[in-house]
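One structure is given below, encoded as structure tokens.
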Amino acid sequence: SESFSFGGRKGAKSAENLAALLGADEEDEDEEQKRDENARAEVQNSIKERAGRISQILFVYAREHPEIGYRQGMHEVLSYILLALEMDLLEQAITTERNSWRDNSTSFGLLKDKDSSGKAAHGGMAGVDSSGNLVVVRLLDEKYILHDAFNVFEHIMTSLAPAYDAIPLGDEAAQSILEEAKAERGESPMESMTSSIVSKIRFVARDEQLFGHVLYMPVPPQLYFAKWIRLMFGRELAGGMKNVLRLWDAFFELASARVSTQDDVPVTVALLDVLKTAAASMILLIRHKLLAPSMAPDGTMTGEPDPNNGIGYLMNYPPLEDIGSLVEMISKLLKREQKLSSQHKML
Numbered sequence: 006s007e008s009f010s011f012g013g014r015k016g017a018k019s020a021e022n023l024a025a026l027l028g029a030d031e032e033d034e035d036e037e038q039k040r041d042e043n044a045r046a047e048v049q050n051s052i053k054e055r056a057g058r059i060s061q062i063l064f065v066y067a068r069e070h071p072e073i074g075y076r077q078g079m080h081e082v083l084s085y086i087l088l089a090l091e092m093d094l095l096e097q098a099i100t101t102e103r104n105s106w107r108d109n110s111t112s113f114g115l116l117k118d119k120d121s122s123g124k125a126a127h128g129g130m131a132g133v134d135s136s137g138n139l140v141v142v143r144l145l146d147e148k149y150i151l152h153d154a155f156n157v158f159e160h161i162m163t164s165l166a167p168a169y170d171a172i173p174l175g176d177e178a179a180q181s182i183l184e185e186a187k188a189e190r191g192e193s194p195m196e197s198m199t200s201s202i203v204s205k206i207r208f209v210a211r212d213e214q215l216f217g218h219v220l221y222m223p224v225p226p227q228l229y230f231a232k233w234i235r236l237m238f239g240r241e242l243a244g245g246m247k248n249v250l251r252l253w254d255a256f257f258e259l260a261s262a263r264v265s266t267q268d269d270v271p272v273t274v275a276l277l278d279v280l281k282t283a284a285a286s287m288i289l290l291i292r293h294k295l296l297a298p299s300m301a302p303d304g305t306m307t308g309e310p311d312p313n314n315g316i317g318y319l320m321n322y323p324p325l326e327d328i329g330s331l332v333e334m335i336s337k338l339l340k341r342e343q344k345l346s347s348q349h350k351m352l
């Protein structure tokens, strides 16, 4: 009985230890659950805050530009703009922190970088104006991120206005081009944009067969051209936001290059022309798919492409994996168009 009694006391102790362990596990689970709930709450608050920022900018834009107002898809363009600014701010903060650490390390003698005078190096010099006064320009400031996002978005939307079948007010160059097309040819802004794109296929790429096939399709080309340009091809790419931002960087670089070579071309008009050239390039990149011979009901190849198959490719463009091929095609067409324009002026 003694043995049994000892075993009972030992068993009771083991039961207490087991209960304590189970209780600790339950406490850990409770803590983990609380952490998860707090994380979810933070994520939801962040999403609401970001959505509020985007809504605020879009509301102001719609009030300032009633000729366009708010249209579906604008929030996607603005989201990428805001994301790019946030990424630049983050990079700036990391650089500032790294430089601060470097300066502190130098002051404690941990780093011994010296400039030509033998003094410790402390980063680059700020600029000076014509009077020799120190000028510090801060391009990125978290306090003004909404202002910066609105400014960039407003300029981009001026370029995208024809894709929304609108004439942008406030940009005299873009406005005069679209109004001239309307007066001379009776074309709406979207019709003028579409005509310009298909003419690039015909006269710049010199692909008469592809040009005729695009016009022969039962769906008007402005449907897919407008979709592509309104979102700046964001939905036609594979690779997510990284590739979208890389492609947009290429768009802005090509537009800036055109402005630098042609002083009379404003950046908004240059960007629209780059986007129209991109739309023509997208067509050329899938030329083999659009012009592929179709099969007759008896199983024989007809030798003629099926326009219905082509519409499927254009309305649901195969996700573009390599943006380099698109950028290369755009650059090639822009250079060829500039050369043709120069030759025409000489005649």
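The opening residue of the sequence shown carries number 6 in the working numbering; numbering runs sequentially from there. Ideal placement from N, C-alpha and C gives every residue a C-beta, glycine not left out.
State the Cα-Cα distance for the pair residue i and residue j, rounded to the nearest angstrom.
{"i": "E177", "j": "L277", "result": "15 Å"}
{"i": "L295", "j": "M351", "result": "36 Å"}
{"i": "E81", "j": "T305", "result": "45 Å"}
{"i": "H160", "j": "R58", "result": "18 Å"}
{"i": "A171", "j": "K281", "result": "16 Å"}
{"i": "R251", "j": "P302", "result": "44 Å"}
{"i": "E69", "j": "V270", "result": "24 Å"}
{"i": "S358", "j": "Q343", "result": "Since the first residue shown for the chain is 6 and the last is 352, residue 358 is missing from the structure and cannot be characterised."}
{"i": "Q214", "j": "M287", "result": "16 Å"}
{"i": "Y66", "j": "R55", "result": "17 Å"}
{"i": "L345", "j": "G308", "result": "33 Å"}
{"i": "G245", "j": "G329", "result": "15 Å"}
{"i": "S347", "j": "E333", "result": "21 Å"}
{"i": "E241", "j": "E34", "result": "44 Å"}
{"i": "G191", "j": "E184", "result": "9 Å"}
{"i": "R40", "j": "I150", "result": "31 Å"}
{"i": "A262", "j": "W253", "result": "14 Å"}
{"i": "S201", "j": "L88", "result": "31 Å"}
{"i": "E96", "j": "S136", "result": "32 Å"}
{"i": "F230", "j": "H349", "result": "27 Å"}
{"i": "G217", "j": "F208", "result": "12 Å"}
{"i": "E42", "j": "D327", "result": "40 Å"}
{"i": "S60", "j": "E36", "result": "36 Å"}
{"i": "M195", "j": "R341", "result": "24 Å"}
{"i": "K53", "j": "P71", "result": "26 Å"}
{"i": "V264", "j": "Q38", "result": "56 Å"}
{"i": "E189", "j": "A46", "result": "58 Å"}
{"i": "K337", "j": "V224", "result": "28 Å"}
Using the Cβ count rule (16 or more neighbours within 10 Å means buried), how would you classify residue i?
{"i": "T266", "result": "exposed"}
{"i": "H152", "result": "exposed"}
{"i": "A210", "result": "buried"}
{"i": "S105", "result": "exposed"}
{"i": "V203", "result": "buried"}
{"i": "T100", "result": "exposed"}
{"i": "A243", "result": "exposed"}
{"i": "S164", "result": "buried"}
{"i": "V48", "result": "exposed"}
{"i": "E102", "result": "exposed"}
{"i": "V279", "result": "buried"}
{"i": "V249", "result": "buried"}
{"i": "S197", "result": "buried"}
Please check the pair residue i and residue j, which I expect to be a contact at CB under 8 Å, by giving their CB distance rounded to whole angstroms.
{"i": "L63", "j": "M79", "result": "6 Å"}
{"i": "A166", "j": "V274", "result": "At roughly 11 Å, the Cβ-Cβ gap does not stay under 8 Å, so A166 and V274 are not in contact."}
{"i": "L289", "j": "D212", "result": "7 Å"}
{"i": "I316", "j": "M222", "result": "6 Å"}
{"i": "P310", "j": "A297", "result": "6 Å"}
{"i": "I4", "j": "A44", "result": "Here the chain comprises residues numbered 6 to 352, so residue 4 is not present and cannot be evaluated."}
{"i": "A285", "j": "F238", "result": "Not confirmed; about 12 Å, so no contact."}
{"i": "L325", "j": "L331", "result": "6 Å"}
{"i": "S181", "j": "K187", "result": "The pair is not a contact, with the Cβ atoms about 11 Å apart (cut-off 8 Å)."}
By alpha-carbon positions, which one of the options ends up nearest to residue i?
{"i": "N314", "options": "M300, P324, L290", "result": "M300"}
{"i": "I291", "options": "I206, P225, R263, S347", "result": "I206"}
{"i": "M403", "options": "P271, M198, K247, E54", "result": "The first residue shown for the chain is 6 and the last is 352, placing residue 403 beyond what the model contains."}
{"i": "L228", "options": "K39, P173, N321", "result": "N321"}
{"i": "K148", "options": "L94, R341, K39", "result": "L94"}
{"i": "Y318", "options": "V48, E102, V219", "result": "V219"}
{"i": "Y169", "options": "V48, I182, R76, L88", "result": "R76"}
{"i": "V157", "options": "E37, E241, E47, L83", "result": "L83"}
{"i": "I73", "options": "R40, V48, P173", "result": "P173"}
{"i": "H293", "options": "V272, V279, P323", "result": "P323"}
{"i": "T199", "options": "R240, P226, K53", "result": "P226"}
{"i": "M162", "options": "K53, E96, V272, E37", "result": "V272"}
{"i": "A98", "options": "S60, P71, D146, Q61", "result": "D146"}
Practice prompt. Examine the Cβ distances between the segment 224–235 and the segment 247–263 and report whether three or more of them are shorter than 8 Å.
Written response: no
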